[in-house]
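> So that you can map any letter, position 394 of the sequence shown is 394 in full-length UniProt numbering, and since no number is skipped, the others follow by simple counting. This is the structure I have questions about; it appears just below.
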Amino acid sequence: MTDLNLPELEIDPPRRSLLRNLSVVWLVPVLAVVVSLGIAWKNFSDRGTLVTITFSTAAGVIPGETTLKFREVVIGTVENVQFTPDLQKVIISARIQKDVAETLPSDSQFWVVRPNVSANGVTGLSTVLSGVYIEGAWLPVSGSVVHSFTGLEAEPILRPGRKGMRITLRSKSGSLLPAGGPILFHGVEVGKLDVPRITDTGDSVLVDAFINAPNDKYITTATRFWDTSGFSVKLGPSGVALDVSSLGSLLRGGIAFDTTFTGGEPIKDTTVFNLFDDEDAARQSIFTQIGDDAVPLAVIFTGSVNGLAAGAQVEYHGFRIGQVTGINAFIERTSGNGRVVKLRTEIEIDPQALGLQASTGKSEVLAFLRDAVSNGLRARLVTTSIFSPALKIELAELPDEPKAEMIIGADSVPVLPSVVSDLPDLNATADGMLKRINGLPIEELMQQAISLMASIEAVAGSDDTRAAPGALVKLLDDTRGLINKDDTQAIPTELRGAIVDLRKVVEDLQKRGASEKLVTLLENANKVSANLDQASQSFPQLIKDLQELAAKAKGLKAEELIDSTTKLIQDANAVIGTDGMKSLPADLSGALVQIQAALKELREGGAVDNVNAALASAKDAADSVAQAADGLPKLTAELDALVGKANALVAAYGAKSNFNDQTLQLLRDLQAAAKAATQLARTIERNPNSLLIGR
């Protein structure tokens, strides 16, 4: 067997796939890494935008704990606190929400909220337990890229985004403008003051103020502001008046405003208002305040101007129209090439105070003053009061003064002509007053005062005066005993009962119709009086007719009438004896009783005056009846004689003739009328009031 040198076979192992070695188990760590990276990116992107705020101090601020809030909502956290390179300030780095950071404008305000106790109140009490935090305030804008801000040392008074009006107040002293002080309108807080600042010229203090909407609509050109802090004491005709606005204003100060006159116009933001010391000064400012369009003038006085100072009033007919702005000296050359020093007073005149329009120009005002000067307008010095050496300028109309003109000075300032002032000499006045005081009878007055005191002491020390208090005490005891008696105590009860009874009587009278009865009775009395008057007027005619009838009857034969008259009397007796005639007196008596009762009620009801008037009328009627009754007896005698003759005449004419019948009837009527008239006359003569009262 031969050996064959055969090459060895190269056997290549099969290639293994990379995917073959992969296992599903390896997906778990891969997914874990991916999730971790996603969470890390999420945390990185959600951590917000980093902003820096610069403060002068970082007291209480702790990185990682101190939060940043906007409208009391947490929007971020402080990450780092570090110094500026010069170590003068502290930079606080805070990371806030990205969507919030995009709305931060450059004027955003940040401050650290800490516990604070001040005159304006207590703030930041919540930070005692939770720690301090940073508060932010801004008016959001979109797309902002500003990330660096300067913080405030305290909470701002005027926060951005608040609706209202911003104004500026000007005062001579900053003590009247406390930071954070309230602004009051009719006692209600409607705004606040900001931190005061001094003007560039250093002559006044300015402070920004904010009036909340909708109360800012009350701010117009007619608005005036005044200080309400502290209190004021005024002595006037009504006594001492203490003015205190409120306890809050007394402690922390404050400003008030009001509209002092009508016709004010709306204003714009940042308008400057003057601050007055009190309300009276603010309201008087419409008459005393000099406007911005005041016209400058000058006055040169002859003599001393001691007592005249800047701010003194310039008056016209007692009304303030301007003020003195300054007094300076100048040199004037004389005719002899000499020099003389004179004093020139500079003043300002308000055109509106003179009655000119606000739009009146300076040239028109000067033309007006030139005309006034040509008519006698002059400037002179007068004292403000008899007890003060202070002076003021008065523009007076003196037509008797020599003609003068208003000239233009070297500095183009018009110069008003002046007159010599008749100022009182205070020294002479004081000397005269002292002389009058020395001339007073002081010793006599003292002697009289001593005598008066001695008399008063004698009166006070007398026994009667000393006994007066005891007598007064006794009188009071007697009075007290009288009041405490049972009888005295019962008086109110008895009066109350009497009033109740009187009220019942009045009610009963009203129910029974007493007033109606009284009216009816008075009407009936008036009718009776009228009937009597009418009857009395007819009596003379009746008497005349009877006399004529008697004359005619004399011509008749009386014998024939005797039988007829006798029969007439018998018939009359028969009529009188009937039941109807007998019941007539009873009926009349009942009626009279009722009338008597009614008259009693009327007499108790106070109707006497009315009844007296009716009785007066009845009396007049009765007098007339009495006059007529005087002739009745004679008439009766004549009638009796006539009847006797008539009986004889009737006997002659026969009983059944027509003449006899007519004559008998006439005689019956005449006899009845005569008897009735006689009885009526006698009754009225005995008792004239029987016509009314029935008796």
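A virtual CB, placed ideally from N, CA and C, is assigned to each residue, including glycine. Note that the structure is a prediction, hence the values are computed from the model and not measured.
Under a three-way DSSP split, which group does A298 fall into?
Residue state, collapsed to three classes: strand.
> In the structure shown, what three-state DSSP assignment does R170 receive?
Strand at R170.
> Please work out which residues of its chain come closer than 8 Å, Cβ to Cβ, to M406, disregarding the five sequence neighbours upstream and downstream, and give them in chain order.
Hits under 8 Å: L366, L369, R370, V373, P414, V415, L416 and P417.
> Based on Cα-Cα distance, which residue from I327, E348, L354 and I349 lies nearest to V341?
Closest by alpha carbon: I327.
> Would you mind stating whether E279 and W226 have Cβ atoms separated by less than 7 Å?
In contact: E279 and W226 (Cβ atoms closer than 7 Å).
> S173 to V195, Cα distance in whole Å?
Spanning the two alpha carbons is a distance of roughly 13 Å.
> With distances taken from CA atoms, which of V205, S229 and R224 is nearest F257?
Comparing Cα-Cα distances from F257 to each of V205, S229 and R224, the minimum goes to R224.
> Look at the alpha carbon of D293 and the alpha carbon of D350, and state the distance between them as a whole number of angstroms.
Straight-line Cα distance between these residues: approximately 7 Å.
> Contact defined as beta carbons within less than 8 Å: I believe L377 pairs with E397. What is the distance between those atoms, to the nearest angstrom?
With a Cβ gap of about 6 Å, L377 and E397 count as contacting.
> Roughly how many whole angstroms lie between the Cα atoms of I183 and V190?
Using only the alpha carbons, I get a separation of about 6 Å.
> Would you tell me roughly how many angstroms separate the C-alpha atoms of L308 and T360, rounded to the nearest one?
Looking at the two C-alpha atoms, the distance is approximately 30 Å.
> So, F70 versus F110, is the Cβ gap smaller than 7 Å?
Not in contact: F70 and F110 (Cβ atoms no closer than 7 Å).
> Inspect the beta-carbon positions of G322 and E348 and report whether they are closer than 7 Å.
It is a contact, given that the beta carbons lie within the stated cut-off.
> Would you call the region 92-102 and the region 61-76 in contact, with 3 or more CB pairs under 8 Å?
Verdict: yes, contact present.
> Return helix, strand or coil for L37, following the three-state DSSP convention.
The answer is helix: DSSP assigns L37 an H, G or I state.
> Hey, would you say I134 sits closer than 7 Å to L68, going by beta carbons?
Contact flag set, yes.
> Label G254 either buried or exposed according to how many other C-beta atoms from any shown protein chain fall within 10 Å of its C-beta, with 16 as the threshold for buried.
Buried, by the Cβ-count rule.
> Considering only DSSP beta bridges, list what V205 is partnered with.
DSSP, once it has assigned bridges, lists S171 and I198 as partnering V205.
> For G60 versus V132, is the C-beta spacing smaller than 7 Å?
Against a cut-off of 7 Å, the Cβ pair of V132 and G60 comes out as a contact.
> Give me whichever residues DSSP pairs with I211 in a beta bridge.
According to DSSP, I211 bridges with M165 and G191.
> Apart from the five residues just before and just after I219, which ones in its own chain have a Cβ nearer than 7 Å to its Cβ?
Excluding positions up to five away in sequence, the list reads M165, I167, I211 and I267.
> With DSSP as the reference, label T54 as helix, strand or coil.
Here T54 sits in strand by DSSP.
> Just the C-alpha distance for N436 and Y316, rounded to the nearest angstrom, thanks.
Looking at the sequence itself, residue 436 is Arg, so the reference to Asn does not match. C-alpha separation (whole angstroms): 35 Å.
> Report, in whole angstroms, the separation of the C-beta atoms of G263 and A222, which I expect to be a contact under 8 Å.
Right, their Cβ atoms sit about 7 Å apart.
> Between N337, L495, T84 and T325, which lies nearest to F55 when the distance is taken from Cα to Cα?
Of N337, L495, T84 and T325, the residue nearest in Cα terms is T84.
> Apart from the five residues just before and just after F185, which ones in its own chain have a Cβ nearer than 8 Å to its Cβ?
Excluding residues within five positions, the ones whose Cβ falls inside 8 Å are N215, Y218, A256, F257 and D258.
> Looking at the unbroken beta strand (DSSP E) that takes in T465, where does it start and where does it end?
Run containing T465: none in the beta strand (DSSP E); it sits in the alpha helix (DSSP H), D463 to N484.
> What's the C-alpha gap between G136 and P160?
Rounded to whole angstroms, G136 to P160 spans 10 Å at the Cα level.
> Within the same chain, show all residues whose beta-carbon is closer than 7 Å to that of E65, passing over the 5 residues directly before and after it, in chain order.
So the qualifying residues of the chain are G131.
> For residue 698, count neighbouring C-beta atoms within 10 Å of its own C-beta (all shown protein chains included) and say buried if the count is 16 or more, exposed if not.
No information on residue 698 is available, as it lies outside the stretch 1 to 695 that the chain covers here.
> Checking the sheet assignment: what are the DSSP bridge partners for V81?
Answer is I92.
> Helix, strand or coil: which one does DSSP assign to P389?
If DSSP states are grouped into helix, strand and coil, P389 belongs with the strands.
> Hey, how far is the Cα of A390 from the Cα of G461?
Their backbone Cα atoms lie some 55 Å apart in a straight line.
> Is the beta carbon of A58 closer than 7 Å to that of V25?
Not a contact, by the Cβ cut-off of 7 Å.
> Where does A558 sit, in a helix, a strand or coil, going by DSSP?
In this predicted model, A558 has a pLDDT of only 49, less than 50, meaning its place in the structure is not dependable; the value taken from the coordinates is given anyway. Coil, per DSSP.
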